[in-house]
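Going by the working numbering, the first residue of the sequence shown is number 7, and it counts up by one from there. Each residue gets a CB set at the ideal place from its N, CA and C atoms; glycine is no exception. Predicted model only: the values in this text are computed from it and were never measured. Please read the structure below before turning to the comments.
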Amino acid sequence: MGSLNGLELFVQVVRAGSFVEAARLCGLSPSAVSKGIARLEARLSVRLLNRSTRSVALTAEGARFYDSSQTILRAVETAENELTQIKEYPRGKLKVSLADESMVLPRLADFALAWPAI
């Protein structure tokens, strides 16, 4: 499990309040969620969650890591959204070579308003 997947899984467990609910939301088994969190904790050499049979609670380190994880995941989501928007709208330089520009020049202002990134 990659670092980002571990962060996402950790945040989902905290938000859901349980491994079972996080597993349901992620489409995983509760065992896979538990093992994913255990791997994350082992990699970080710190306990992030206190577990009981009925609840999950953040440790002090877990609370700090949760805040940082949310910030990182929001930044990744923002970056992905920006890339998606770049794909959706044309941008860049447009070079046109014309023998008679009298038909194009009157429409250039409308074009520039419609496609400001070009």
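Exercise. Pull up the DSSP beta-bridge partners for alanine 63, would you.
Key: DSSP lists Asn56 as partners of alanine 63.
Quiz prompt | Within the stretch 21–46, ranges of the alpha helix (DSSP H) (whole runs, at least 4 residues) | solution = If we require 4 residues or more, the alpha helix (DSSP H) runs fully inside the stretch 21–46 come out as 25–32.
Quiz prompt | DSSP state of proline 122 mapped onto helix, strand, coil | solution = When DSSP states are grouped into helix, strand and coil, proline 122 belongs to the coil group.
Quiz prompt | Residue of Ala63, Glu67 and Pro122 minimising C-alpha distance to serine 51 | solution = From the listed residues Ala63, Glu67 and Pro122, the smallest Cα separation to serine 51 is found for Glu67.
Quiz item: Is the stretch 36–50 touching the stretch 90–106, taking contact as three or more C-beta pairs under 8 Å?
Solution: Contact between the stretch 36–50 and the stretch 90–106 is absent, with fewer than three C-beta pairs closer than 8 Å.
Practice problem: Take proline 122 as the anchor and find which of Leu54, Ile92 and Gln76 has the nearest alpha-carbon. | Solution: Distances from the alpha-carbon of proline 122 to those of Leu54, Ile92 and Gln76 put Ile92 closest.
Self-check item: Collapsed DSSP secondary structure at methionine 7 in the structure displayed
Solution: Confidence in methionine 7 is poor, its pLDDT being 40 and thus under 50, which makes the residue's placement unreliable; the coordinate value appears in the next sentence. In this structure, methionine 7 counts as coil in the three-state DSSP scheme.
Quiz item: For arginine 97, which residues from the same chain have a beta carbon less than 7 Å from its beta carbon, with the 5 sequence-adjacent residues on both sides left out?
Solution: So the list reads Ala123 and Ile124, once near-sequence residues are dropped.
Quiz prompt | Cβ pair valine 39, alanine 22 closer than 7 Å | solution = Against a cut-off of 7 Å, the Cβ pair of alanine 22 and valine 39 comes out as no contact.
Quiz item: Using a Cβ-Cβ cut-off of 7 Å (strictly less than) and excluding sequence neighbours within five positions of phenylalanine 71, which residues of its own chain qualify?
Solution: So the qualifying residues of the chain are Leu54.
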